[in-house]
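Scroll down for the structure; my scribbles are underneath it.
What follows is the structure, given as structure tokens:
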């Protein structure tokens, strides 16, 4: 929701004490800066530690006190990619990529027309439809996972990546409809009508009037759908096995099959988190829009 | 596009004897609905039908390992869930986990958002660092917490304790083993760490959408920082706090990854999603698992009623533009 949508607070400061000093908004606030930096480093510490440990050798990783300045090595990454262990991480990584990318595309294909029918040329009772979509997100996955499991088992869809793709589409579609609707609601209706009066055809209208508003929304929606699908564990754990298992499933089995190798666990965590870290850092503002279902723009 | 105005105008001008919608109007209505239908039908098939099946199964006596004993069970599964101490514990854990994580994340997120809203050197980089926990795949984050941070022999926490001990000349500093002594606290810590950035991002966006002119006017009039916070910032942030809190609650209620990875649901940390998973996946008790699933949904509906109300407020304001 844009700033204009939010009601201005009624509270006004009472002019009881006049002071000459005024907070200069351009001035650096050193105290806040120091505090923010300390907290930022504190929160990032586990991530930084994970990355650092991934580049350490196993003996250096498992010391107390920690060997922060131990020499760096790519050993753990080599091992993760199967140099000595023989466990191949590529199938789960490819499965994850397939599940995330294809489900995101499917979500967009279904969500954009739906959002169009809810925002630009709204159907009757469109608010009810919108809240129906949201209400399906309130239903935890655990309440539906057993029938899905039984269905997949009886129809031979168990351990099939395409079934997982359909489930991820269903998981993300309500979020995507909400987000896309809130973006498409910003399409200027007067411009739409003017374009029609001028005889522009549908393709033209979509390209010139709708697309400029919709593109940032599509980007934000894709980012969120990709992240949620990439991260998902419960459905993947229940519905896939050796063939269609995704990276998170692989990761949960990694420790038990490899014994405990700290540096390798960290290397695996880094590799599997990398796509999300890159996408999320690259599109931080999109992340906010997506997480709030498009309510914050 | 050209059909937009036609049905409305037609309806208004139509004489009384033609009140039944014409074929053409009906076609226009369907043309309006058509783009919506694929998504709607897909969601109904993939979410509502499984849920109805879950409700049906929750009234059945069904264990996959005993196919001959399948039958109607009435409320037996619900009685079992609510009287079984493991399930009751799971309900309790779910509530504790959700409430404590959401509250802690909101408070920390608010503090961080207020700090990040100030101008200081390297603010963008600090913000990026703060988002990092949220961008680590949850399973990976849980594994790192379990093995690289909380591990009693060479985890980072004990490593730092040893290091401090050596600095102050204590060769045997206290060592923690949170995963064994306070497993639920360990789960809460890792979740707070992971979800605080989420709250921070939403609240920061809220802070930045504050009306600048009002704040400036208040400052001109001599309002103190605390007065501005209390009378302008907080009322303005209220709906963002609600939105963040309730979205967070929806996600945390369903959390499975952290419990599964950190403790495997052991030592009294199994929440309802984990208990349901275990009941049907390992114990094959389909009926009981479904009853527990239905109970999770009822709990979520209670939370969701509040969530929907809050989202609806934001939504109405937007619709009223």
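Chains as they are written, first to last, in my numbering: chain A, 8 to 304; chain B, 439 to 759. Just so it is clear, CB atoms sit at the ideal spot from N, CA and C, and this is done for glycine as well.
Proximity below 8 Å, CB of residue i to CB of residue j
| i | j | result |
| --- | --- | --- |
| residue 54/A | residue 570/B | yes |
| residue 577/B | residue 700/B | no |
| residue 711/B | residue 241/A | yes |
| residue 641/B | residue 679/B | yes |
| residue 568/B | residue 638/B | yes |
| residue 61/A | residue 277/A | yes |
| residue 269/A | residue 592/B | yes |
| residue 645/B | residue 675/B | yes |
| residue 575/B | residue 283/A | yes |
| residue 305/A | residue 175/A | Residue 305/A cannot be examined here, being either before or after the span of chain A that is shown, 8 to 304. |
| residue 471/B | residue 221/A | no |
| residue 535/B | residue 299/A | no |
| residue 670/B | residue 653/B | yes |
| residue 225/A | residue 137/A | no |
| residue 100/A | residue 480/B | no |
| residue 715/B | residue 500/B | no |
One or two residues paired with residue i in a DSSP bridge
| i | result |
| --- | --- |
| residue 659/B | BP columns for residue 659/B are empty, so no partner. |
| residue 509/B | 499/B |
| residue 723/B | 501/B |
Helix, strand or coil at residue i according to DSSP, with G and I counted as helix
| i | result |
| --- | --- |
| residue 731/B | helix |
| residue 238/A | helix |
| residue 597/B | helix |
| residue 87/A | helix |
| residue 193/A | coil |
| residue 178/A | helix |
| residue 620/B | coil |
| residue 118/A | helix |
| residue 293/A | helix |
| residue 102/A | helix |
| residue 55/A | helix |
| residue 207/A | coil |
| residue 229/A | helix |
| residue 109/A | helix |
| residue 486/B | helix |
| residue 515/B | helix |
| residue 223/A | helix |
| residue 586/B | helix |
| residue 76/A | coil |
| residue 607/B | coil |
| residue 628/B | helix |
| residue 63/A | coil |
| residue 127/A | coil |
| residue 81/A | coil |
Euclidean distance between Cα positions of residue i and residue j
| i | j | result |
| --- | --- | --- |
| residue 498/B | residue 529/B | 22 Å |
| residue 83/A | residue 522/B | 45 Å |
| residue 10/A | residue 612/B | Confidence at residue 10/A is low in this model, with a pLDDT of 39, below 50, so the placement of that residue is unreliable and no value is reported for it. |
| residue 473/B | residue 207/A | 21 Å |
| residue 211/A | residue 219/A | 12 Å |
| residue 189/A | residue 301/A | 6 Å |
| residue 488/B | residue 117/A | 20 Å |
| residue 198/A | residue 550/B | 41 Å |
| residue 554/B | residue 657/B | 20 Å |
| residue 105/A | residue 172/A | 8 Å |
| residue 186/A | residue 507/B | 47 Å |
| residue 286/A | residue 232/A | 12 Å |
| residue 707/B | residue 111/A | 33 Å |
| residue 29/A | residue 663/B | At residue 29/A, the pLDDT of 43 sits below 50, so the modelled position is not reliable; the number obtained from the coordinates is stated separately. One C-alpha to the other measures close to 11 Å. |
| residue 239/A | residue 155/A | 16 Å |
| residue 512/B | residue 696/B | 34 Å |
| residue 713/B | residue 146/A | 16 Å |
| residue 694/B | residue 584/B | 15 Å |
| residue 739/B | residue 142/A | 9 Å |
Residue range of the alpha helix (DSSP H) that includes residue i
| i | result |
| --- | --- |
| residue 133/A | 133-145 |
| residue 276/A | 269-289 |
| residue 69/A | Here residue 69/A belongs to no alpha helix (DSSP H), and DSSP marks it neither H nor E. |
| residue 160/A | 149-161 |
| residue 536/B | 523-554 |
| residue 481/B | 475-481 |
| residue 565/B | 561-573 |
| residue 674/B | 672-691 |
| residue 468/B | 461-471 |
| residue 695/B | 695-700 |
| residue 580/B | 576-582 |
Legend entry - Near-chain C residues of the region 595-620 of chain B - C-beta to any C-beta below 8 Å: Any reference to chain C falls outside this structure, whose protein chains are A and B.
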